[in-house]
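Numbering (this note's numbering), first residue to last: -18 to 296.
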C-alpha cells in the first residue's frame, strides 16, 4: 500500500498555491437547492485562472522543482485544461512548457495553451501516442514530466480547492467532484479527511467512461474500451498514486447518463448564470440522480472548470 500524503503535505500545498491562484467564489442557488433537496455550496473553479482547478496542481508541482530542473522546463500531455494550467503556471514561474495535445482536443483549448506561451505538439488521440510524444520531448530537452492527475504534488495542489471550501464551510457533510484521471477526487478526499468533520466524499462519473466506478469495485485500475462522453475532461483513467487515496477515502462513485450530464449543465447555466463545461456538471447530475442519498445534506461541489467550446454546446 502506498503511503497517503499527510495533512502537513496538504497544508504546504495550500501555502504554496495561495499567492498565485485565485481564491474562487462559493455560490448557492435556492432554485437548485429546491430541485435537488440538498443544501449545495458550489466552489467555482470555473472562475480560476485559466478557467479550471488544474492551475492549482500545476503551480504546486512546478514550485517543487529545483532551479536546474526549472531551467530545462516541464512537459505534459493533456486534452486541454492541464495543458492550459501548465502553460500559465510555467509562465508565472519563468519555466519553459512543452505541451502534447491530442488532435481531438477542443480548438478553444489549443488556442488558449498557445496564448499562455506553451509550446504545443499535436499527437494522435490515443494515450499511447500522447505518452510517446511526451517521452520523446523529455528525452530531447531534459524537461520534467508532469502527469495531469497522478503526481503527488499535482494531487495535493488540486486538493487546495476543497480546503478553501472547508475553510468557508467547515460543517459540510459531503464533498463531490467529477472523476476522470482522479487527481481532483484524490486531492478533495484528502481535504475532506484532514480538514472536514466526518465529511463523506463522493464522485460523479459518466456511464460511458466508468473506469473509476469499476476500479473501486474490482480493487484494481480498470480501463475503458471507449470514452464516448460529452464530458471530454473525464476520458482519462486513474493512476497508481491517486487510486490508493480514492480506495481508502472515497465513499462511492455515482454514474450518470449523457442526457443527465447535459440536463445538469443546462440547469447550472440557466439558474446560476455561469459558464461551466460538461465535465463540471457531472457531480451535480449525480446529486440529482440520487436524491434520497443526499436529501437535506449540506454538500460542497467543486465546479471543476469553464473552458467550454461555445461553438459546440450540447444544448
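Note that CB positions come from ideal geometry on N, CA and C, so glycine has one too. Computed from a predicted structure; not experimentally measured.
- request: With DSSP as the reference, label residue 33 as helix, strand or coil.
  value: For this step, residue 33 is matched to residue 52 along the chain shown. In this structure, residue 33 counts as strand in the three-state DSSP scheme.
message: Let's see if you can read the secondary structure: which residues bound the alpha helix (DSSP H) around residue 164?
response: Indexing the chain shown from 1 puts residue 164 at position 183. Where residue 164 is concerned, the enclosing alpha helix (DSSP H) stretches over 164 to 176.
field: Nearest-angstrom Cα separation, counted from residue 250 out to residue 262
entry: The residue given as residue 262 occupies position 281 in the chain shown. The residue given as residue 250 occupies position 269 in the chain shown. Rounded to the nearest angstrom, the gap between the Cα atoms of residue 262 and residue 250 is 10 Å.
- prompt: So residue 281 packs on residue 22, CB below 8 Å; how close in whole Å?
  reply: In the chain shown, the residue the question calls residue 281 occupies position 300. In the chain shown, the residue the question calls residue 22 occupies position 41. About 5 Å separates the beta carbons of residue 281 and residue 22, which is inside the 8 Å limit, making them a contact pair.
- request: Run the CB neighbour count on residue 296, radius 10 Å, all protein chains shown included, and call it buried at 16 or more, exposed below.
  value: The sequence position of residue 296 within the chain shown is 315, counting from 1. Burial call: exposed.
query: Secondary structure at residue 233, three-state DSSP: helix, strand or coil?
result: The sequence position of residue 233 within the chain shown is 252, counting from 1. In the three-state reduction of the DSSP assignment, residue 233 falls in the strand class.
message: Less than 8 Å between the C-beta atoms of residue 72 and residue 138, yes or no?
response: The residue given as residue 72 occupies position 91 in the chain shown. The residue given as residue 138 occupies position 157 in the chain shown. No, the pair does not count as a contact, with Cβ atoms beyond the cut-off.
query: Do the region 171 to 180 and the region 25 to 43 touch if we need at least three Cβ pairs shorter than 8 Å?
result: With a cut-off of 8 Å, the region 25 to 43 and the region 171 to 180 do not count as touching, because too few Cβ pairs lie within range.
message: Could you compute how far the alpha carbon of residue 0 sits from the alpha carbon of residue 12?
response: Here residue 0 corresponds to residue number 19 of the chain shown, with the count starting at 1. Here residue 12 corresponds to residue number 31 of the chain shown, with the count starting at 1. One C-alpha to the other measures close to 34 Å.
message: Taking the beta strand (DSSP E) that residue 284 belongs to, which residues open and close that run?
response: The sequence position of residue 284 within the chain shown is 303, counting from 1. Annotation: the continuous beta strand (DSSP E) that includes residue 284 extends over 279 to 284.
message: Since residue 224 and residue 163 should fall inside the 8 Å C-beta cutoff, what is the C-beta to C-beta distance between them, to a whole number of angstroms?
response: By 1-based counting over the chain shown, the position of residue 224 is 243. By 1-based counting over the chain shown, the position of residue 163 is 182. Approximately 6 Å separates the beta-carbon atoms of residue 224 and residue 163; this is inside 8 Å, confirming the contact.
message: Tell me the rounded alpha-carbon separation between residue 277 and residue 16.
response: Numbered from 1 along the chain shown, position 296 holds the residue referred to as residue 277. Numbered from 1 along the chain shown, position 35 holds the residue referred to as residue 16. Going by C-alpha positions, residue 277 is about 12 Å away from residue 16.
task: Report yes if the C-beta distance between residue 217 and residue 189 is below 8 Å; otherwise report no.
output: Taking the chain shown and counting its residues from 1, one reaches residue 217 at position 236. Taking the chain shown and counting its residues from 1, one reaches residue 189 at position 208. Not in contact: residue 217 and residue 189 (Cβ atoms no closer than 8 Å).
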